[in-house]
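Take the sequence shown: its position 237, counting from 1, is numbered 228 in the numbering used here, and each next residue is one higher. The next block holds one structure in the form of structure tokens; read it before the comments.
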Amino acid sequence: MTYRFAEGDLLWWIWERLRKSHLPSALASSLTERVWNGCSLAAGIGSGRKTLSTDRAFCVLVSHPPPSPLRRYNAYRTPNFPQFRTQYIRRRSQLLRENAKCGFEPGLRRQYLRLRSQLLGLRYGPLSEQSSFRASSVRSSRTTLDRMEDFEEDPRAQGARGHRRSVSRGSYQLQAQMNRAVYDERPPGSLVPTSVAEASRAMAGDTTLSENYAFAGMHHIFDQHVDSAVPRLQFANDDKHLLACCSLDGTLSIMALSPAPPSVKVTLRGHAGPVTDFAWSLSNDIIVSTSQDGTLRIWNTEDGRCIREVGDPDASELLCCTFQPMNNNLTVVGNSKHILQVVNISTGKKVKGGSSKLTGRVLSLSFDAPGRILWAGDDRGSIFSFLFDMATGKLTKAKRLVVSEGSSISSISARSWISREARDPSLLVNACVNKLLLYRVVDNEGTLQLKRSFPIQHGSQPLHSIFCPLMSFRQGACVVTGSEDACVYFFDVERNTKAIVNKLQGHSGPVLDVSFNCDESLLASADTTGMVIIWRREQK
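Pasting the structure below:
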């Protein structure tokens, strides 16, 4: 049976059904109000076969809603709760794929999906994988597409002090096997890695990656660190216009790209040696940085004040750092004496059991989204995986992969989803082998299997690369990297030939790092001469 509604009748039908179910009047009103705001409707009413007609009525209500006293509250709910729109879109994508198996009229369906995509875009705006709540303390954690699907409440997920922890619901190994099976069966040109993706491509507007990642030119150039290399730069979490970078001149800069003209908001001074790495907290209120002077510093991003300085017990150079994604009180630091160490930044002390030794100088670090697995790369060509205990901060060494003996692992980036079509845990690696490497994570201990490689010039410089932050329904998926030939490269990870999607030229030295803002409207890149270029993407 399929329910069909005239314009304006859906809300009344829902209210009558709830009232006749003998629910208390207050509860029925609350449920009706939730459906009106698009939250409960995300789960679908009835079976998947009924949902399509219901969703059409929902689109009518979004564009021409009937008068209702509930409407005045809409502006105060959904915009403040990004997970509502995330859950709705994910659920609708799943239902569309299920309904596609039953057959449909392609022209009518594409027209419906385009209209629906436009309505959702007007109402909610673009969707980022990094959608999150802006918290008031460094203990805050964000809600991402990864965590919404991968984790659930579990009694075993409570730490020693009763803090909530997350436990994986599925197995990396099982998911990797399923993905490989789909890869083998999919026809040429299908979306990553699902074989039936017509609905998804229609939602994306049928644009290619080359069209999507076309840039109009340079938006601004920063040169406050001229003559000193800028090894790292990064946009703030879920922020379009706040960018930070560190320099070998011993300082860090926080830059505001809006309002115009772009300017340096604050300069962080205090390190006595070159700054090698830094990381934003999830709430963007602090930055941690490492330096060759052997100190870890914690900075207030508003006034540039150094909150705390933590010296390395081994008196060695600190080369890299990263926050634990589920607990920003913990930071992992790597030094030049091959030691990996977990530090509690609230106390400034090392965590007991949170240290391990690698085969070389620790150059790069990356957590998976849940914070359960940590990968570390050294200057001997090895990538180690560690299991991270959420309750105690203890590290347990799990696996080791030798990429190339004697080649530095300068960058590691982890991603649980490459596209919205299917989960595919992956690791993007820069090693000094003149290639950008893409690995598949095949189990829950962080074991890696090489999936693809892309040719770039990389022989000695500490280059970095990133996954594009917005997951797309478009055909293919994109990664971005710097290169020693002074160019920025975009690669489609699904193309077997001619994988280069775009190439940006404008730097006068090797490009060391790249970073997208949360909506991909701006891309920042930094080089060995101290120049930071902000690139503006073409508006479609």
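For glycine and all other residues, C-beta sits at the position ideal for the given N, C-alpha and C. Since this is a predicted model, take the numbers as computed values, not measurements.
Residue i: first and last residue of the uninterrupted alpha helix (DSSP H) it sits in
| i | result |
| --- | --- |
| Leu427 | Segment Lys426 to Val432 is the beta strand (DSSP E) holding Leu427; no alpha helix (DSSP H) there. |
| Ser201 | Leu200 to Asn203 |
Collapsed DSSP secondary structure at residue i in the structure displayed
| i | result |
| --- | --- |
| Leu248 | coil |
| Asn435 | coil |
| Ile277 | strand |
| Gln448 | coil |
| Ile374 | strand |
| Ala515 | strand |
| Gln109 | helix |
| Glu485 | coil |
| Arg528 | strand |
| Asn508 | coil |
| Ser219 | coil |
| Ser398 | coil |
| Thr185 | With a pLDDT of 47 at Thr185, under the threshold of 50, the modelled position of that residue is not reliable, and no figure is offered here. |
| Glu293 | coil |
| Leu234 | strand |
| Glu176 | With a pLDDT of only 47 at Glu176, under the threshold of 50, the placement of this residue in the model should not be trusted, and no figure is reported. |
| Gln78 | helix |
| Asn228 | coil |
| Gly98 | helix |
| Ala151 | For Ala151, the predicted structure reports a pLDDT of 39, less than 50, and the residue's modelled location is therefore unreliable. A value from the coordinates is still provided. Coil, per DSSP. |
| Glu300 | strand |
| Gly241 | coil |
| Leu287 | strand |
| Ser532 | As displayed, the chain neither begins before -8 nor continues past 531, which places residue 532 out of reach and without an answer. |
| Ser474 | coil |
| Val51 | Confidence is the limiting factor: at Val51 the pLDDT is only 39, short of 50, which leaves the residue's position unreliable and the question unanswerable from this model. |
Assumed close pair residue i, residue j - CB separation to whole angstroms, cut-off 8 angstroms
| i | j | result |
| --- | --- | --- |
| Lys426 | Ile447 | 7 angstroms |
| Asp305 | Ile336 | Not really, about 18 angstroms apart at Cβ, beyond 8 angstroms. |
| Asp518 | Ala477 | 7 angstroms |
| Arg375 | Leu349 | Per the sequence presented here, residue 375 reads as Phe, with Arg not at that position. With 8 angstroms as the limit, Phe375 and Leu349 qualify as a contact, their Cβ atoms being about 6 angstroms apart. |
| Val407 | Cys423 | Contrary to the premise, residue 407 reads as Ser rather than Val in this sequence. With 8 angstroms as the limit, Ser407 and Cys423 do not qualify as a contact, their Cβ atoms being about 27 angstroms apart. |
| Val323 | Val301 | Contact doesn't hold; Cβ gap of about 13 angstroms is too wide. |
| Gly325 | Ala367 | 6 angstroms |
| Met317 | Pro361 | 7 angstroms |
| Glu475 | His449 | 6 angstroms |
| Phe377 | Ser347 | 6 angstroms |
Beta-carbon proximity of residue i to residue j, cut-off 8 angstroms
| i | j | result |
| --- | --- | --- |
| Leu356 | Thr286 | no |
| Leu392 | Leu454 | no |
| Leu354 | Ser395 | no |
| Gly521 | Val221 | yes |
| Ser456 | Thr472 | yes |
| Arg288 | Asp504 | no |
| Gln332 | Lys343 | no |
| Ala405 | Asp359 | yes |
| Asp230 | Cys509 | yes |
| Tyr204 | Phe481 | yes |
| Leu418 | Val433 | no |
| Leu321 | Gly384 | yes |
Neighbourhood of residue i by C-beta distance below 7 angstroms, restricted to the same chain and skipping five residues each side
| i | result |
| --- | --- |
| Gln283 | Gly264, Pro265, Thr267 and Glu308 |
| Arg352 | Leu310, Ser327, His329, Asp369 and Asp370 |
| Thr292 | Ile245, Asn275, Asp276, Ile277 and Ile278 |
| Glu140 | Here the model assigns Glu140 a pLDDT of 35, short of 50, so the residue's position is not dependable, and the following value carries that caveat. Nothing meets the Cβ criterion. |
| Gly397 | Arg371 and Gly372 |
| Gln215 | Ser244 and Val255 |
Contacting residues, own chain, Cβ-Cβ under 6 angstroms from residue i (five flanking each side not counted)
| i | result |
| --- | --- |
| Val257 | Ile245 and Gly295 |
| Val420 | Ile403 and Leu428 |
| Arg63 | Residue placement at Arg63 cannot be trusted, given a pLDDT of 46 that sits under 50; what the coordinates show is reported in the next sentence. Closer than 6 angstroms at Cβ, skipping near neighbours: no residue. |
| Ser516 | Val479, Val502, Val505 and Ile524 |
| Ala207 | Arg527 and Glu529 |
| Arg260 | Thr242 |
| Glu511 | Leu461 |
| Leu99 | none |
| Ile298 | Ile289 and Asn291 |
| Leu239 | Ser219, Ala220 and Pro265 |
Residues near residue i by beta carbon distance below 8 angstroms, same chain, minus five either side
| i | result |
| --- | --- |
| His574 | A query on residue 574 cannot be resolved here, the shown segment of the chain reaching from -8 to 531 and no further. |
| Phe269 | Arg223, Gln225, Ala235, Cys237, Leu243, Ile278, Val279, Ser280, Thr281 and Cys312 |
Terminal residues of the beta strand (DSSP E) in which residue i lies
| i | result |
| --- | --- |
| Ser355 | Val353 to Phe358 |
| Asp369 | Ile364 to Asp369 |
| Gly344 | Lys340 to Lys348 |
| Ser417 | Arg414 to Ala422 |
| Gly325 | Asn318 to Asn326 |
| Gly497 | Careful: Gly497 lies outside any beta strand (DSSP E) and carries neither H nor E. |
| Leu309 | Leu309 to Gln315 |
Residue-level contact to chain B via CB, residue i, 8 angstroms cutoff
| i | result |
| --- | --- |
| Leu429 | In the displayed structure, chain B is absent; only one protein chain is listed. |
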